[in-house]
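One structure is given here, and the rest of the page talks about it.
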Amino acid sequence: MARISFSPGNLSDHLHEIIGYKAGLATSIEQMCDLLSGTSYADSILKSEIDGIAIRSEDYEDLYYQLLYKIGVTNTPRPPLFTQSLFFTNRLKEKGFDYIADIQSIYGKHYELGVEIAIKNGQSSIDPRPMITEVMDKYGKSGAKDLLELIQMYDTHFQNSPHTSGRWEEWKDIIDLNDLFDKYHPVVSHGSFLDQRFLNFLSNNHAKLGDIHWRKFEELISECFSKSGYKVELGPGTNDDGVDIRVWKDTVQTHPEFIIQCKRYKTKIDKVTIKGLYADVLDAQAQTGLLVTTSEFSPGARTTISARKYPIKEVNGDKVSEWLKALRTPGTGIVRV
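Start counting the sequence shown at 69; every next residue gets the next number (my numbering).
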């Protein structure tokens, strides 16, 4: 089996560089090892700092895709070739070898022609319509659906592979993952309140929500509402009278649709906090008060809301995780409370 050799320190340097390019994030050795905890790769990276390493090519691929997933670029740690293998196996059983071979032949023919046309016209992408039309004429909607799935798989492989220049986004800069946790440093090159790269990271690392900087948690919730089309006002972070975020459905609305308190707690929210939020709702003449927490409400807090009919809703860690999954790709998902 082929092996890839790295001199002492070179494996971590290589991973820093390629993750920075693909994900737009800078990570330390400690962070990479933490993200890979539960695998043998964390120890391999640490040992390679002193001794170097000769790693089997398939293990390198597995390490890379595990890290790409944990950093938030993909929604699965499995390499794209695994998905392609399943696709071809299933279609082979359903429609036979000749069908698969013909679909690939049509794709290859039009891809080469498309590249020539794109280069001639100074374009950065090819037009897939000619290949879709030919497959549609021969195999109908079912064939066109298979071709589109094949195109998507090939594109995913190109964007994610460690051996290609592809990536999903042309990042304006590389941001430090430490800025999400250790200190408050505004980073919004790709977003309004919180950078999209941090959203992607947290979507695959829900357990770390309680560890991020408290101000980043407020920015995260603001970004979720902003991406869902709301007008959002993020408070100063201190001396905000207990209201972290104000949200309006549109610019015409006078009073807020929601006022939001963000509690990055590990303990449950008590009824005293609920009563305080209710007073803020009345003062702001808001429709609803939201208390967004990384934990959950205590039974007493829920009873208080129910018994007194407070216009207050709980947004717990599970709901925030749902929002993150919906918003991991720019322009997708709707915040539902």
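Glycine residues also receive a C-beta, built at the ideal position from the N, C-alpha and C atoms.
CB contact flag (residue i, residue j, <7 Å)
| i | j | result |
| --- | --- | --- |
| Gln329 | Leu345 | yes |
| Leu302 | Ser290 | yes |
| Glu325 | Val311 | no |
| Val388 | Leu358 | no |
| Ser409 | Ile97 | Absent from the model: residue 409. The displayed extent of the chain is 69 to 405, so no value can be given. |
| Ile337 | Thr371 | no |
| Tyr109 | Leu136 | no |
| Arg396 | Ser229 | no |
| Ser212 | Met204 | Note that residue 212 is Ala in the sequence shown, not Ser. Yes; because the gap between Cβ atoms is below 7 Å, this pair is in contact. |
| Leu288 | Gln99 | no |
| Ile424 | Gly106 | In the structure as shown, the chain begins at 69 and stops at 405. Residue 424 is therefore absent and cannot be evaluated. |
| Arg283 | Gly305 | yes |
| Phe59 | Arg332 | Past the boundaries of the shown model lies residue 59; the chain is included only from 69 to 405, so the question cannot be answered. |
| Ile313 | Ala352 | no |
Bounding residues of the beta strand (DSSP E) (the contiguous stretch that carries residue i)
| i | result |
| --- | --- |
| Ala122 | Ile121 to Arg124 |
| Ile72 | Arg71 to Phe74 |
Residue i versus residue j - alpha carbon distance
| i | j | result |
| --- | --- | --- |
| Glu129 | Pro147 | 8 Å |
| Gln172 | Phe266 | 37 Å |
| Thr224 | Glu217 | 10 Å |
| Lys334 | Glu364 | 9 Å |
| Tyr378 | Ala369 | 11 Å |
| Val320 | Asp348 | 21 Å |
| Gln134 | Lys299 | 37 Å |
| Phe226 | Ala94 | 22 Å |
| Arg235 | Ile86 | 10 Å |
| Ile15 | Thr356 | Shown here, the chain extends from 69 to 405; a query on residue 15 therefore has no answer. |
| Ala91 | Asp386 | 25 Å |
| Phe156 | Gly208 | 19 Å |
| His231 | Asp318 | 46 Å |
| Phe261 | Thr142 | 23 Å |
| Gly399 | Lys393 | Confidence is the limiting factor: at Gly399 the pLDDT is only 47, short of 50, which leaves the residue's position unreliable, though a coordinate-based value still follows. Those two C-alpha atoms are separated by around 12 Å. |
| Gly77 | Leu114 | 9 Å |
| Ile219 | Asp111 | 37 Å |
| Gly380 | Ile342 | Contrary to the premise, residue 380 reads as Ile rather than Gly in this sequence. Whole-angstrom Cα-Cα distance: 8 Å. |
| Phe293 | Ser193 | 33 Å |
| His82 | Leu104 | 16 Å |
First and last residue of the uninterrupted alpha helix (DSSP H) at residue i
| i | result |
| --- | --- |
| Lys65 | Nothing about residue 65 can be read from this structure; the chain reaches only from 69 to 405. |
| Arg159 | Pro148 to Lys163 |
| Val388 | Gly385 to Ala394 |
| Leu104 | Premise fails: Leu104 is in no alpha helix (DSSP H) and is neither H nor E. |
>> Which complete beta strand (DSSP E) runs does the stretch 318-377 hold, if anything under 3 residues is left out?
In response: Whole beta strand (DSSP E) segments, 3+ residues: 326-331 and 356-361.
> Between the stretch 248-266 and the stretch 118-126, are three or more C-beta pairs nearer than 8 Å?
Replying inline: Judged by Cβ distances under 8 Å, the stretch 248-266 makes no contact with the stretch 118-126, as fewer than three pairs qualify.
> If we count Cβ pairs, one from each stretch, closer than 8 Å, do we get three or more for the stretch 194-205 versus the stretch 169-180?
Replying inline: Three or more beta-carbon pairs separated by less than 8 Å link the stretch 194-205 to the stretch 169-180, which places the two stretches in contact.
> Are the stretch 108-123 and the stretch 71-82 in contact at 8 Å, needing three or more beta carbon pairs?
Replying inline: Yes, the stretch 108-123 touches the stretch 71-82.
> At which residue ranges does the stretch 205-258 contain complete alpha helix (DSSP H) runs of 4 or more residues, listed in the order of the chain?
Replying inline: The qualifying runs do not exist here; there are none.
> What are the uninterrupted segments assigned as beta strand (DSSP E) that are 3 or more residues long and contained completely in the stretch 258-320, given in chain order?
Replying inline: Within the stretch 258-320, the complete beta strand (DSSP E) runs of at least 3 residues are 299-302 and 313-316.
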